[in-house]
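Reminder that position 487 of the sequence shown reads as 487 in UniProt numbering, one-by-one numbering, no gaps. Okay, structure first, notes after.
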Amino acid sequence: AGQRSGGRDSLAPDKAPPERAPPERAPPEKAAPRKGAPRQGTARQGDQRMDCKLLYVTAEDAAEAKALGRALVEARLAACANVIEKMTPIFWWEGAVQEGSEAILLAKTRADLVPAATQLLVERHSYDLPCVVALPIGPGHAPFLDWIGAETATPEAHGLAMAAPSARLTLTFSCLGHLYVHLFTAFYFVIVLSLEEVWSLPYHELVELWTLGALLVGLAALPAGWLGDRWSARGMMVLYFLGMGGAAIACGLVDQPTALLLGLAAIGLFASIYHPVGIAWLVKSSARRGKALGINGVFGAVGVAVAGLVAGTLIDLFSWRAAFIVPGVISVATGLALWVAVARGLVSEGARDSAGHRPSGRGEVLRVFLVFLLTMTVMGLLFQATQAALPKVFDLRLRDLVGEGAFGVGAVVAAVYTVGGAMQVLGGYMADRLPLKSLYVGAFLFQVPILAGIALLGGVPLILVAAISVLLSTAALPAENMLLARYTPERHRSLAYGAKFVLAFGTAPAAIWAVSQVQALTGEFTWLFALAAGLAAIATLAALQLPSERKTEKLPVMSLVDRLDHLVLTVEDIERSCAFYERALGLQREEFGAGRTALRFGRQKINLHPNPSPIDTKAGRPTPGSADICFIAAAPLAEVQRHLESLGIPLVAGPVPRTGACGPLTSLYLRDPDGNLVEVAAYEETPD
Numbered sequence: 001a002g003q004r005s006g007g008r009d010s011l012a013p014d015k016a017p018p019e020r021a022p023p024e025r026a027p028p029e030k031a032a033p034r035k036g037a038p039r040q041g042t043a044r045q046g047d048q049r050m051d052c053k054l055l056y057v058t059a060e061d062a063a064e065a066k067a068l069g070r071a072l073v074e075a076r077l078a079a080c081a082n083v084i085e086k087m088t089p090i091f092w093w094e095g096a097v098q099e100g101s102e103a104i105l106l107a108k109t110r111a112d113l114v115p116a117a118t119q120l121l122v123e124r125h126s127y128d129l130p131c132v133v134a135l136p137i138g139p140g141h142a143p144f145l146d147w148i149g150a151e152t153a154t155p156e157a158h159g160l161a162m163a164a165p166s167a168r169l170t171l172t173f174s175c176l177g178h179l180y181v182h183l184f185t186a187f188y189f190v191i192v193l194s195l196e197e198v199w200s201l202p203y204h205e206l207v208e209l210w211t212l213g214a215l216l217v218g219l220a221a222l223p224a225g226w227l228g229d230r231w232s233a234r235g236m237m238v239l240y241f242l243g244m245g246g247a248a249i250a251c252g253l254v255d256q257p258t259a260l261l262l263g264l265a266a267i268g269l270f271a272s273i274y275h276p277v278g279i280a281w282l283v284k285s286s287a288r289r290g291k292a293l294g295i296n297g298v299f300g301a302v303g304v305a306v307a308g309l310v311a312g313t314l315i316d317l318f319s320w321r322a323a324f325i326v327p328g329v330i331s332v333a334t335g336l337a338l339w340v341a342v343a344r345g346l347v348s349e350g351a352r353d354s355a356g357h358r359p360s361g362r363g364e365v366l367r368v369f370l371v372f373l374l375t376m377t378v379m380g381l382l383f384q385a386t387q388a389a390l391p392k393v394f395d396l397r398l399r400d401l402v403g404e405g406a407f408g409v410g411a412v413v414a415a416v417y418t419v420g421g422a423m424q425v426l427g428g429y430m431a432d433r434l435p436l437k438s439l440y441v442g443a444f445l446f447q448v449p450i451l452a453g454i455a456l457l458g459g460v461p462l463i464l465v466a467a468i469s470v471l472l473s474t475a476a477l478p479a480e481n482m483l484l485a486r487y488t489p490e491r492h493r494s495l496a497y498g499a500k501f502v503l504a505f506g507t508a509p510a511a512i513w514a515v516s517q518v519q520a521l522t523g524e525f526t527w528l529f530a531l532a533a534g535l536a537a538i539a540t541l542a543a544l545q546l547p548s549e550r551k552t553e554k555l556p557v558m559s560l561v562d563r564l565d566h567l568v569l570t571v572e573d574i575e576r577s578c579a580f581y582e583r584a585l586g587l588q589r590e591e592f593g594a595g596r597t598a599l600r601f602g603r604q605k606i607n608l609h610p611n612p613s614p615i616d617t618k619a620g621r622p623t624p625g626s627a628d629i630c631f632i633a634a635a636p637l638a639e640v641q642r643h644l645e646s647l648g649i650p651l652v653a654g655p656v657p658r659t660g661a662c663g664p665l666t667s668l669y670l671r672d673p674d675g676n677l678v679e680v681a682a683y684e685e686t687p688d
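So this is what it looks like as structure tokens:
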């Protein structure tokens, strides 16, 4: 490999490595070691030189290739990495030769580090099955191999698990961010109860001051995510902690409603950063993503649960100003800690992620889009209205139980949301084991009588139905997220989740307006929750329109294999079988080994065994005519059918609809000379 990357390091083995490498033919012991890095993994073992490799990795774009290269070098799994920013792959797809665009990463490492390096690349790559090829580096270039050995760590320093401090710190800061965003967007509903007395203003006027901030939490999410992708996720998270904390401190220092309105708007603006940036950053940086997201979700639920308790405690101990200032100072301190971690290279940007779920047909995508447009809007309205109204509902109806102070109301709110947050774990458990549509429909259906109960009940029964309502909303989230991933084409998945956050938080102004207006007109919230019950009934009917569950839809979380390389057919006559497959489907005959015969197509092949087979390693009962094989057509299915008819090959069935590994397809069926069933199929929509 003699290509260059941006005019920097030549990859030819007889060239000098980058500026930190020793000059050509310099003895290794005279090379200056990197500052702070001892010379590990000596390249000499007697007269034997270390076996070194050049890792060839394709990436979606230059940004991903650079992120992967930095991760390898930071982990000392590669001596250096080169990025070829643009490569044009040429490939056969949909019956024609097509072109694409990719980047190439070339990393120099030792052979004994290749497994650990490959694991890191697979964990952080945007492709589910990335191309990672280890190419040899000529053993005759001693100084170059010595330099690679000096610039990489021993395998014992990594191990295949490679617990990364960066990933743990990313999880820590992301979880704190999730807790803070829900705490800062909920504590005002308890603080406002104190401001009613201090400023002598009615509740509905004070609660409306949060309307602009709530609107910005939703509307600013899309530009925040755009900046996170194009600038820096770490930088945006630092800005999030510092900005939201500073805005909260400012709110605690104001003396009149207009200034408080601006401070709350700033809280909403900076809070909008977290969901599109913080969760995506966590996914990029985590090897066990499901576990990381589960922990992160618990922190978000805790933030909602303790918001009322924290605010109520600080108000009762100090004043309403402390309820703003103390959390603000903590957020600013967290932002400074993250800034230091970023400056010292302790946390990374991570690599792009792809969920890898299969796409659905266009009709299903359109139907699900319309259903989710309604159900996610209703879900957002129910969550925001309940969060805004419950403190005042408890204040009005539970005074005999909680007393006059803010602490009692905050404690009850905290208890309700703690129970609901814990159910997110149960919701994820059920979503892995039960039909997602049934869970989603059931969550809305049971909300109808529960919301009606909140409208009418008081005392302890009110606390119980409020907890169940929050429980249902929280338990439905894993099912909603999995359904959204299932029915959204992968290339639009980030946009779909961005739209979900806009709907979830963008409904807040409407919900807060409804809360303030109903309370101002009636002095209570009976009609608010009656309206919410009606919306839940409408959402139930809409969710019923989701496509029916398919028994084959569940996929394993992780596969330890890449693809099918070859399969074996036991046939009565190898020559007859070769002639059939060459003539009918265009497979190419090839000879290999000692008199072995195979039929090749694309990257796979079919090995042909005679009957009886002289090969020792074979199937338990190899029988001609017992196979059932499905090929994906490289040409339009109608053209395949005309070709078979022209050869006089009869169809057993077809064209008929079927379901393949990646979604709906249409199939033709025929039989080969041994009676094996041969299926030739085409997908209704090209899989991503």
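Even glycine gets a Cβ: it sits at the ideal position worked out from N, Cα and C.
Buried or exposed by the 16-neighbour rule on C-beta atoms within 10 Å, applied to residue i
| i | result |
| --- | --- |
| Glu645 | exposed |
| His566 | exposed |
| Pro509 | buried |
| Arg399 | exposed |
| Phe318 | exposed |
| Trp231 | exposed |
| Asp628 | exposed |
| Ala333 | exposed |
| Val133 | exposed |
| Gln98 | exposed |
For residue i, three-class secondary structure by DSSP
| i | result |
| --- | --- |
| Asp628 | strand |
| Asp674 | coil |
| Leu647 | coil |
| Tyr180 | helix |
| Gly620 | coil |
| Thr375 | helix |
| Pro449 | helix |
| Asn296 | helix |
| Thr570 | strand |
| Gly654 | strand |
| Arg124 | helix |
| Cys52 | strand |
| Ile273 | coil |
| Gly403 | coil |
| Cys662 | coil |
Cβ shell of residue i (< 7 Å), same chain only, five flanking positions each side left out
| i | result |
| --- | --- |
| Leu314 | Ala322, Ala323, Val326 |
| Ile450 | Val465, Ile468, Ser469, Leu472 |
| Val122 | Pro130 |
| Ala265 | Leu212, Gly213, Leu216 |
| Gly263 | Ala247, Ala250, Cys251, Val254 |
| Leu503 | Met376, Thr377, Gly380 |
Close Cβ partners of residue i (< 6 Å) along its chain, the five nearest in sequence each way excluded
| i | result |
| --- | --- |
| Ala530 | Ala455 |
| Val680 | Phe631, Ala633, Val640, Leu668 |
| Val192 | Leu206, Val207 |
| Ser331 | Tyr180, Phe241, Met244, Gly245 |
C-alpha distance - residue i paired with residue j, whole-angstrom precision
| i | j | result |
| --- | --- | --- |
| Val217 | Arg124 | 29 Å |
| residue 690 | Arg234 | The structure shown has nothing for residue 690, since the chain only spans 1 to 688. |
| Thr666 | Arg642 | 15 Å |
| Ala389 | Phe525 | 8 Å |
| Met244 | Phe91 | 49 Å |
| Ala370 | Ala539 | Residue identity check: residue 370 is Leu in the sequence provided, not Ala. Answer to the nearest angstrom: the Cα atoms are 12 Å apart. |
| Ser613 | Thr570 | 8 Å |
| Leu462 | Gly453 | 7 Å |
| Gly675 | Gly625 | 4 Å |
| Gly177 | Val306 | 14 Å |
| Pro276 | Phe501 | 8 Å |
| Asp316 | Leu309 | 11 Å |
| Ser10 | Pro655 | Confidence in Ser10 is poor, its pLDDT being 34 and thus under 50, which makes the residue's placement too unreliable to answer from. |
| Gly246 | Phe299 | 22 Å |
| Gly408 | Ala186 | 16 Å |
| Gln119 | Tyr274 | 29 Å |
| Val412 | Leu528 | 20 Å |
| Leu169 | Val73 | 19 Å |
| Arg603 | Ile84 | 26 Å |
8 Å CB neighbourhood of residue i in its chain, flanking five on each side removed
| i | result |
| --- | --- |
| Arg671 | Val652, Leu677, Val678 |
| Pro202 | Glu196, Ala520 |
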